[in-house]
Amino acid sequence: MQPGEILGEAWALYKAHWRHFLPLAFIVFVVLSLVSLVLSIALGWFGALLGSLIGLVGVFWVQGALCEAVADVRDGRADLSISETLQRVRPRVAPLLGAGLLAGLGVVIGLILLIVPGLVLLTWWSLIVPVIVLERVAAMESFGRSRELVRGNGWSVFGVIVLTVLVLIVFAIVLAIVLAIVLAWLPDELRGYVQTLVSNTLTTPFLALAWTLMYFRLRELRQAPEPAPLAA
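The numbering of the sequence shown is numbering that gives the first Met the number 0, which starts it at 0 and goes up by one.
Structure (structure tokens):
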């Protein structure tokens, strides 16, 4: 599995199906931001805290929905509507949230301690979202399943993670510069809100594409038949 091939395939699918991916991400992020804003205005600091928790749930929901959408378009067409995609993932939101929080805590602790353990855990657990959504496994089981898929291809998986993050960082910088010029007339708070919304809408689908395609590639490698023995 070559990291460059994964990112190339992800970009090809992104260009071919952006009309399906971007509205999916945009709708969820807009709803989350509006809910957080209303709660903050109505309930003050408690509303802000509650909005953050709801936003966290929504982030995992959109990640799961994008995994489902990637699986849907691999045959060249989108068979599920946006509402159908979100509805299909809804029962998996709780395990996604639980596994995501545990994985995030483990990776952060590993990074704080010696950095390397955190990167190792990030590599091992990078597939928990597609595993939970596409294989319907429980939150705790997803860690072992993700580790099983990554085993033997750790450096390739780490390469995909690093390249994806670098691409998104470069894109975020360029987008921030462009939006700062285009939206200079807006107040700072509103400009920051628009920038975050646009950035999340454009980048999250690409991340989901790359990591979900990586999941499919590793699963195919695990299911590859053993070569027949040579005749004596």
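Beta carbons are placed, not taken as given, at the ideal position from N, Cα and C, and that holds for glycine.
Inset, instruction - State yes or no: is the C-beta of Thr122 within less than 8 angstroms of the C-beta of Val166? - result: In the sequence shown, the residue the question calls residue 122 occupies position 123. In the sequence shown, the residue the question calls residue 166 occupies position 167. Against a cut-off of 8 angstroms, the Cβ pair of Val166 and Thr122 comes out as no contact.
Inset, instruction - Report yes or no: is there a C-beta of chain E within less than 8 angstroms of the C-beta of Val164? - result: In the structure shown, chain E does not exist; there is a single protein chain.
Inset, instruction - Would you tell me roughly how many angstroms separate the C-alpha atoms of Ala93 and Ala179, rounded to the nearest one? - result: Looking up residue 93 in the sequence shown gives position 94. Looking up residue 179 in the sequence shown gives position 180. Cα to Cα, Ala93 sits roughly 37 angstroms from Ala179.
Legend entry - Span separating the alpha-carbon of Pro204 from that of Gly109: Along the sequence shown, one-based indexing puts residue 204 at 205. Along the sequence shown, one-based indexing puts residue 109 at 110. In a straight line, the C-alpha of Pro204 is about 27 angstroms away from that of Gly109.
Legend entry - Pair within 8 angstroms by beta-carbon distance, Ala98 and Thr84: Position 99 of the sequence shown holds residue 98. Position 85 of the sequence shown holds residue 84. Going by C-beta atoms, Ala98 is not nearer than 8 angstroms to Thr84.
Legend entry - Continuous alpha helix (DSSP H) stretch holding Asn199: start and end: Here residue 199 refers to the residue found at position 200 of the sequence shown. From DSSP, the alpha helix (DSSP H) with Asn199 extends over Asp187 to Arg221.
Inset, instruction - Take Leu220 and list the residues in its own chain whose beta-carbon comes closer than 6 angstroms to its own, dropping the five residues that flank it on each side. - result: Here residue 220 refers to the residue found at position 221 of the sequence shown. No residues qualify anywhere along the chain.
Inset, instruction - Identify the continuous alpha helix (DSSP H) that holds Trp123 and give its terminal residues. - result: What you label residue 123 is simply residue 124 of the sequence shown in a count that begins at 1. Val115 to Trp123 is the span of the alpha helix (DSSP H), which, as asked, contains Trp123.
Legend entry - Three-pair Cβ contact test at 8 angstroms for the stretch 121-136 versus the stretch 101-108: yes
Legend entry - N-terminal and C-terminal residue of the alpha helix (DSSP H) that Gln1 is part of: Taking the first residue of the sequence shown as position 1, residue 1 is located at position 2. Here Gln1 belongs to no alpha helix (DSSP H), and DSSP marks it neither H nor E.
Inset, instruction - Can you give me the Cβ contacts of Val169 inside the same chain, cut-off strictly under 7 angstroms, excluding the 5 residues immediately before and after it? - result: Locating residue 169 in the sequence shown gives position 170, where the first residue counts as 1. Correct list: empty, nothing qualifies.
Inset, instruction - Return yes when at least one heavy atom of the ligand SAH lies under 7 angstroms from the C-beta of Ala183, else no. - result: The ligand SAH is absent from the structure shown, which contains no ligand whatsoever.
Inset, instruction - In the DSSP assignment, find the alpha helix (DSSP H) that holds Ser141 and state where it starts and stops. - result: Here residue 141 is taken as the residue at index 142 of the sequence shown, counted from 1. Looking at the DSSP string, the run of the alpha helix (DSSP H) that includes Ser141 is Ala138 to Val149.
Legend entry - Three-state secondary structure assigned by DSSP to Ala41: Here the question's residue 41 lines up with position 42 in the sequence shown. If DSSP states are grouped into helix, strand and coil, Ala41 belongs with the helices.
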